[in-house]
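To start, the structure under review is shown below, and the notes come after it.
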Amino acid sequence: MESAETPTRLLKVEGCELVVGQCNEDSGSLSCGPYQIKEPYYEDCYSPGTGWQPCTMYMECSEVCVNAYMDRYGTYCTSGATPVCKDYAQIHNGGPTGCRMNLPDYWGKVEACCNTVGGCD
């Protein structure tokens with residue numbers, strides 16, 4: 001990933017609930033943990049830990065998953081160029097081709113968060 005700050009920014013946007021591992025209903029499926037990881041996302045991050053929901057109970061495992069997902073898909077929309085914060089945010093929210101999607105609401109939340117912690121690329 002471009003910097004250690006990107007997961008932190010995504011975490012703030014996702015709400016960072018106080019109970020790591022909490023799951024919420026989201027668009028017909030569960031999103032779990034501080035990064036709101038869905039089961040297909042977990043499978044795409046090479047399934048760290050002992051399972052999808054158990055992984056989301058631990059910040060370290062959740063971060064391993066997010067970083068692996070970004071390492072896997074980060075350049076899908078950039079033709080091999082280093083992704084920037086917006087690319088990572090849209091991939092996190094919209095999947096491997098998320099940066100091709102129009103996600104102004106989600107990006108707006110990330111951008112607002114970035115502006116409070118030192119800016120986004």
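Numbering follows the UniProt record's numbering, in which position 20 of the sequence shown is assigned residue number 20; successive positions increment by one, without gaps. Even for Gly, the Cβ is constructed at its ideal location relative to N, Cα and C.
Provide the residue span of the alpha helix (DSSP H) that contains C65, from first to last. M59 to Y73
Assuming S62 contacts G33 (C-beta within less than 8 Å), just tell me the rounded distance between them. 5 Å
Whose C-beta lies closer than 7 Å to the C-beta of Y42 among residues of the same chain, with five residues either side of it excluded? W52, C55 and C65
Helix, strand or coil at C23 according to DSSP, with G and I counted as helix: strand
Under the DSSP definition of a beta bridge, which residues are partnered with I37? C32
Where does V110 fall in DSSP's three states? helix
Are the beta-carbon atoms of T97 and Y69 separated by less than 8 Å? no
Does DSSP put T56 in a helix, in a strand, or in coil? helix
Return yes when the Cβ of A81 is within less than 8 Å of the Cβ of W107, no when it is not. no
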